[in-house]
Amino acid sequence: MQKRKTDIVTMRMTPRVKEQLRQRAQDAGMTLTDYLCICGLGQEIVRVDGLDAVLSELKAQGRNLNQLTTLANMGRITVVRGGELIEAYTDLCEAVRSLAKEVH
């Protein structure tokens, strides 16, 4: 992996302003450096509450599907209750749609 070259920028501000910026960065789930760079470039910061839980569930469902596929390929299972899988994925898709509406 190639290391990126970075420069150091020093800023002067009051402790109150520094704390406000640090708090905003923390609320956005970012480092102060990342927060200041994104704001300075005029980019919008969008934080979507609930996304972590949806992604965690999506990963769990993916693992389950991989395990079922492996077992089916090994011949250890021949029948899967697909209705439950479809229902779980439908719920996940609806959660993603709902979160996407918040962003737009």
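Position one of the sequence shown corresponds to residue 279 (this note's numbering), numbered consecutively onward.
Backbone N, C-alpha and C define an ideal beta-carbon position, used for all residues, glycine too.
All figures in this text were calculated on a predicted structure; none of them were measured in a lab.
Residues Ala306, Met308, Tyr313, Ile316 and Cys317 of the same chain have their beta carbon placed closer than 8 Å to that of Ile323, with the five preceding and five following residues left out of the count.
Rounded to the nearest angstrom, the gap between the Cα atoms of Thr347 and Ile355 is 9 Å.
For Leu319, no alpha helix (DSSP H) encloses it, and the DSSP letter there is neither H nor E. Sequence-distant partners of Thr368 (beyond 5 residues in either direction) whose C-beta falls short of 7 Å from its own C-beta are missing from its chain.
Each residue's CA atom was taken as its position, placing Lys283 and Val295 some 28 Å apart.
Cβ contact annotation for Gln339 (same chain, cutoff 7 Å, sequence separation greater than five): Ala366, Tyr367 and Leu370, in chain order.
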